[in-house]
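In the numbering used here, the protein residues as written are 4 to 36.
We put the CB at the ideal spot given by N, CA and C, even for glycine.
This report concerns only the one structure given below.
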């Protein structure tokens with residue numbers, strides 16, 4: 004149970020990091036236009 008929670012926490016953090024990076028990338032593209 005605890006091991007699973009730790010894994011989910013890591014996946015969630017990674018997901019947030021990727022989302023943040025995609026958002027910054029999208030903003031950068033919009034500003035270039």
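Determine the extent of the alpha helix (DSSP H) in which residue i is found, giving its start and end residues.
i	result
residue 24	5-35
Measure the C-alpha to C-alpha separation of residue i and residue j and round it to an integer number of angstroms.
i	j	result
residue 25	residue 7	27 Å
residue 15	residue 27	18 Å
residue 22	residue 13	14 Å
residue 30	residue 36	10 Å
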